[in-house]
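359 is the number of the first residue of the sequence shown in the working numbering; add one for each residue after it. Note that the Cβ used here is the ideal one computed from N, Cα and C, for glycine as well.
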Amino acid sequence: MKKRVLIIGGGASGMAAAIAAADSGADVTVIEHMDRVGKKILSTGNGRCNLTNRQMDPSCYRCDEADFPMKVLKHFLPEDTIAWFHEMGLEVRERQGYYYPASDQASSVLDVLRFRLRELGVNVMCGVEPDGIGITSGGFEVSGKKKDGQAVKFWGNALILAAGSKAAPSTGSDGSGYGLAKDLGHRVIRPLPALVQLRCQGNLYKVMAGVRTEAELTLFASGKKMARDRGELQITDYGLSGIPAFQISRYASRALDEGKKVTVSVDFLPARGKKEVLDWIARGRADFPNRTGEELLGGLINKKLALGLLKLAGIRPSAPAESWSRKQSEALCRQMKEYEALVQSVNPFANAQVCCGGVDTSQVDPETLESRLISGLYLIGELLDVDGICGGYNLQWAWATGNLAGRAAVRKKEQNRSFQKEVSR
């Protein structure tokens, strides 16, 4: 008789798990509370879906158990992801180590996953909100309600929790999986927004809003350096955005939640040393003494950025360069190389791509993603306390954990459970 596998959550990891389990011979049911599966995939990579990345090392993932992500990922590498999608009919293209569907459309990724679910006969139940899990000697019973209030029940030998995080709730990630995991006895590390914008104190952001520039950001929590990243920074009317701000945001979230003072030192000229910048200012003042600060700095940095930094250095934008004091020149250099942003908060879950925090990985076996507390229960994807940096790493985590858990759930021999437990939401 076929093994029956239940999966709560029809996102990237849930669909991967369903395909892997069905491919391994199981009878699979996916329970999804949204009206369709995989909605979040459509917004990844700005609609192009960055599937995975050639570079894969511990620095690409954050977790309270630092070695946990790579223990999992060694079982399903980027080349496995590419081969897996190829087998399902999707071709990929590479751009500097980043992999995208050949069509450059995220919808192509979702389509092949849906097609494969259909071809394997996976029972996809959308519009069902799970509200209880029963654990018996034979397996798991999940109860739920449809949108019209009709009660439904599902039974399986194994249960995979793939309900996602709290990031981007409009796509269905409402955090309900954390509650299910807690009810089943798992510890959940407080989830907080990650890969998200930083809201900073000060009124000059409105002056500099819209600027995009290469910059290096270093984040400090109560004076201790926590993270550094370099890339295209975007300045908004409330603070800092863009890839480097996203990459360090999880550390800002955690530090602010702990009541620490969070600052970001911004180097707007990371390719130039401090002395080189000071020399450039001195040469400019000597060669073009009658140019205003706005005119002079326009040859080096964005004009809107220049206006803000001149004000912070105590220099009137209309003042001729020859009138600047040495102290003002040094202050201007400092603002260009060590601008300090005081972070007041990060944007909410609605703006976040992922969360930091989640199910404590010390309670999960990295070889199978099976719970160390309950036999036959698996926890995968964003539900776990693992968050990757930008660049396809969070989707690689979804594909890897889904495939690993889906296969493991089918391979596992049945064990008689010596207890019964009913969990109601």
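Just verifying my parser: in three-state terms, what is the DSSP assignment at residue i?
| i | result |
| --- | --- |
| Lys429 | helix |
| Ser729 | strand |
| Gln721 | helix |
| Gly657 | coil |
| Lys619 | coil |
| Leu410 | For the record, residue 410 in the displayed sequence is Thr; it is not Leu. In the structure shown, Thr410 sits in a strand (DSSP, three-state: E or B). |
| Thr402 | helix |
| Lys524 | coil |
| Phe777 | Confidence in Phe777 is poor, its pLDDT being 37 and thus under 50, which makes the residue's placement unreliable; the coordinate value appears in the next sentence. Coil, per DSSP. |
| Pro416 | helix |
| Ile606 | helix |
| Phe512 | strand |
| Leu556 | strand |
| Thr529 | helix |
| Ser495 | coil |
| Val450 | strand |
| Ala613 | helix |
| Glu672 | Residue identity check: residue 672 is Gly in the sequence provided, not Glu. Note: Gly672 maps to coil in three-state DSSP. |
| Val395 | coil |
In the DSSP assignment, find the unbroken alpha helix (DSSP H) run with residue i in it and report its ends.
| i | result |
| --- | --- |
| Arg769 | Tyr751 to Arg769 |
| Ala629 | First-last for Ala629: undefined, no H or E at that position. |
| Gln686 | Arg684 to Glu696 |
| Pro436 | Pro436 to Glu445 |
| Val565 | Tyr563 to Met566 |
| Pro551 | No alpha helix (DSSP H) holds Pro551; the beta strand (DSSP E) holding it covers Val546 to Ala552. |
| Ile738 | Run containing Ile738: none; DSSP gives neither H nor E here. |
| Leu538 | Ser534 to Asp541 |
In whole angstroms, what is the alpha-carbon distance linking residue i and residue j?
| i | j | result |
| --- | --- | --- |
| Gly455 | Pro416 | 17 angstroms |
| Asp438 | Lys429 | 15 angstroms |
| Leu598 | Glu696 | 15 angstroms |
| Gly672 | Asp595 | 21 angstroms |
| Leu654 | Asn761 | 57 angstroms |
| Asp743 | Tyr609 | 14 angstroms |
| Gly764 | Lys662 | 52 angstroms |
| Leu538 | Lys632 | 53 angstroms |
| Arg394 | Gly405 | 17 angstroms |
| Arg775 | Thr759 | Its pLDDT being 44, under 50, Arg775 is placed unreliably in this model, and the value from its coordinates should be taken loosely. Approximately 25 angstroms, taken between the alpha carbons. |
| Arg586 | Pro551 | 18 angstroms |
| Thr402 | Ser623 | 29 angstroms |
| Thr576 | Ser611 | 15 angstroms |
| Phe426 | Asp723 | 9 angstroms |
| Gln721 | Gly568 | 44 angstroms |
| Trp809 | Ala424 | Look at the range of the chain in this structure, 359 to 783, and you will see that residue 809 is not part of it. |
| Thr494 | Gly485 | 26 angstroms |
| Trp638 | His391 | 59 angstroms |
| Met566 | Gly749 | 27 angstroms |
| Leu400 | Ile440 | 18 angstroms |
Counting along the chain, where does the beta strand (DSSP E) carrying residue i start and finish?
| i | result |
| --- | --- |
| Ala516 | Ala516 to Leu519 |
| Met483 | Asn481 to Cys484 |
| Glu499 | Phe498 to Lys504 |
| Ala585 | Lys582 to Ile593 |
| Ser599 | Gly597 to Gly600 |
| Phe473 | Here Phe473 belongs to no beta strand (DSSP E); instead the alpha helix (DSSP H) covers Ala464 to Glu477. |
| Asp385 | Asp385 to Glu390 |
| Ile365 | Arg362 to Ile366 |
| Ala379 | Per DSSP, Ala379 belongs to no beta strand (DSSP E); it is in the alpha helix (DSSP H), Ala370 to Asp381. |
| Ala573 | Arg570 to Ala579 |
| Pro459 | Tyr456 to Pro459 |
Using CA atoms only, rank isn't needed, just tell me which of the options is closest to residue i.
| i | options | result |
| --- | --- | --- |
| Leu700 | Leu654, Ser580, Gly631 and Ala756 | Ser580 |
| Tyr563 | Leu667, Asn752 and Arg608 | Leu667 |
| Lys511 | Gly502, Met359 and Leu517 | Gly502 |
| Asn408 | Gly746, Arg769, Gly479 and Thr759 | Gly746 |
| Ile365 | Pro724, Thr387, Leu731 and Gln702 | Thr387 |
| Ala573 | Gly589, Gly560 and Gln559 | Gly589 |
| Ser523 | Ser495, Asn515, Gly514 and Gly533 | Gly533 |
| Ala640 | Cys421, Val500, Phe426 and Ser687 | Ser687 |
| Asn411 | Lys771, Leu753, Ala767 and Arg769 | Leu753 |
| Gly447 | Lys432, Phe473, Asp425 and Pro427 | Phe473 |
| Ser465 | Ala664, Lys398, Arg557 and Ala756 | Lys398 |
| Ile732 | Arg476, Ile491, Arg643 and Gly651 | Ile491 |
| Thr650 | Ser676, Ile659, Arg643 and Gly642 | Ser676 |
| Phe498 | Leu519, Gly479 and Gly507 | Leu519 |
For residue i, which residues of its own chain have a beta-carbon under 6 angstroms away from its beta-carbon, when the five flanking residues on both sides are left out?
| i | result |
| --- | --- |
| Leu614 | Val620 |
| Ser481 | Checking the sequence shown, residue 481 turns out to be Asn, not Ser. So the qualifying residues of the chain are Thr387. |
| Val470 | Met446, Gly447 and Leu448 |
| Ile377 | Arg474 |
| Gln778 | Residue placement at Gln778 is flagged as unreliable, the pLDDT there being 41, under the threshold of 50; the coordinate-derived value follows with that caveat. Here the set comprises Thr494. |
| Lys770 | none |
| Ala766 | Thr726 |
| Glu734 | Before going further, note that residue 734 is Gly rather than Glu in the sequence given. Taken in chain order, the residues that qualify are Ala516. |
Can you find a C-beta in chain C that's less than 9 angstroms from the C-beta of residue i?
| i | result |
| --- | --- |
| Pro706 | No chain C appears in this structure, which consists of one protein chain only. |
Note down, in chain order, each residue of its chain lying with its Cβ closer than 8 angstroms to the Cβ of residue i, except the 5 sequence neighbours on either side.
| i | result |
| --- | --- |
| Ser528 | Ala708 |
Can you name, in chain order, every residue of its own chain whose Cβ lies under 7 angstroms from the Cβ of residue i, other than the five neighbours on each side?
| i | result |
| --- | --- |
| Ala521 | Ile366, Gly367, Ser534, Gly535, Leu538 and Leu741 |
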